[in-house]
Amino acid sequence: MNGWILTVTAVLGAGVGATLWGVATGPLRRRVVAQNLSTALACPALLLLAQGYERPAYVDLALVLALLGPVGTLVFARLLAGELAGDPPRAGALTWSAAALGAGVVLVLCVVEGPSRALVKLLVVGALLVGGNLLASRALSGGMTGARRG
Amino acid sequence: MAEAVIVVALLLVAVSATAAVAVRDPVRQSLVLAVLGVVLAVLFTVLQAPDVGLSQLAVGSALTPLLLLLTVRKVRRRGRRDEEGGP
Chain A
1 MNGWILTVTA VLGAGVGATL WGVATGPLRR RVVAQNLSTA LACPALLLLA
51 QGYERPAYVD LALVLALLGP VGTLVFARLL AGELAGDPPR AGALTWSAAA
101 LGAGVVLVLC VVEGPSRALV KLLVVGALLV GGNLLASRAL SGGMTGARRG
Chain B
1 MAEAVIVVAL LLVAVSATAA VAVRDPVRQS LVLAVLGVVL AVLFTVLQAP
51 DVGLSQLAVG SALTPLLLLL TVRKVRRRGR RDEEGGP
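Protein chains in written order, with full-length UniProt numbering: chain A, 1 to 150; chain B, 1 to 87.
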């Protein structure tokens with residue numbers, strides 16, 4: 001058991017466990033935010049797993065999750081727009097801290113990796129992860145519909 | 001000690017699957033199902049089956065919630081139309 005796997009255990013236990021609690025209880029606005037955060041936390045966990053098991057192929061999983069996680073949240077934001085309009089979710093601090101965790105994990109992995117093709121892949125995953133989650137969070141809080149109407 | 005991460009992933013899957021059953025409203029259920037899909041993919045990765053995890057991610061994180069929500073929306077619309085047009 002190395003430090004990477006230990007970090008994964010902490011992120012999964014504390015972070016994803018907390019989002020699980022958030023998604024199973026409370027009002028709808030809290031649940032959609034928790035669902036968005038669960039993908040934002042699972043993606044760095046998958047990146048750390050790839051490093052911990054020393055299998056670079058596992059980075060593909062994080063890449064797919066970084067692509068599809070925000071897509072899933074956008075599905076919720078679009079199809080639940082009517083129910084969320086009266087009570088829009090606001091979780092700026094949580095979203096930014098999850099994005100900071102993702103960015104920090106990607107930075108540490110980049111430093112460990114050194115300049116190579118895997119570094120470019122890691123940077124792409126990091127950009128997709130942070131950008132996609134900020135976009136999905138903004139769509140959830142109604143920023144997109146306001147822009148469309150205006 | 002190396003099994004700690006497997007235990008944590010298994011616990012997360014058990015709790016989220018139980019929550020998916022315990023939550024009664026289909027819309028809220030689809031949110032829990034999306035989280036369950038992601039957690040299952042992590043479990044498959046921890047158990048060294050990344051190919052299974054890849055397909056689980058593709059299906060579980062976006063496709064299943066989309067199908068559920070579209071079905072709920074269609075059923076609700078049909079129910080409303082029957083109420084309006086019914087005797």
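Yeah, the Cβ is synthetic: ideal placement off N, Cα and C, and Gly gets one too.
In chain order, Ser-137 place their CB closer than 6 angstroms to the CB of Thr-95/A, counting only its own chain and leaving out the 5 sequence neighbours on each side. By the C-beta criterion, the stretch 60 to 78 of chain A is judged not to be in contact with the stretch 113 to 120 of chain A, since fewer than 3 inter-stretch pairs fall below 8 angstroms. C-alpha of Cys-110/A to C-alpha of Gly-102/A: approximately 12 angstroms in a straight line. The beta carbon of Gly-53/B sits closer than 9 angstroms to some beta carbon of chain A. Contacts with chain A at 9 angstroms (Cβ-Cβ) include Leu-31/B.
When the beta-carbon positions are compared, Leu-57/B and Gln-35/A stay at least 9 angstroms from each other.
Interface criterion met: the Cβ of Pro-50/B is under 9 angstroms from a Cβ in chain A. The beta carbon of Ser-16/B is closer than 7 angstroms to those of Val-32, Val-35, Leu-36 and Val-39 in its chain, skipping five residues each way along the sequence. Residues of the stretch 64 to 78 of chain B whose Cβ lies closer than 8 angstroms to any Cβ of chain A, in chain order: Pro-65, Leu-66, Leu-69, Leu-70 and Arg-73. Residue burial is scored here from C-beta neighbours: Thr-18/B has fewer than 16 other C-beta atoms within 10 angstroms and is therefore classed as exposed. The DSSP-derived three-state label of Pro-70/A is helix. In this structure, DSSP gives Leu-80/A a state outside helix and strand, which the three-state scheme calls coil. The beta carbons of Ala-45/A and Gly-15/A sit closer together than 9 angstroms. Excluding residues up to 5 positions away in sequence, Arg-31, Ala-34 and Gln-35 lie with their Cβ nearer than 6 angstroms to the Cβ of Val-23/A in the same chain. The C-beta distance from Val-8/B to Leu-12/A rounds to 5 angstroms, short enough to fall under 8 angstroms.
When the beta-carbon positions are compared, Leu-54/B and Ala-62/B stay at least 9 angstroms from each other.
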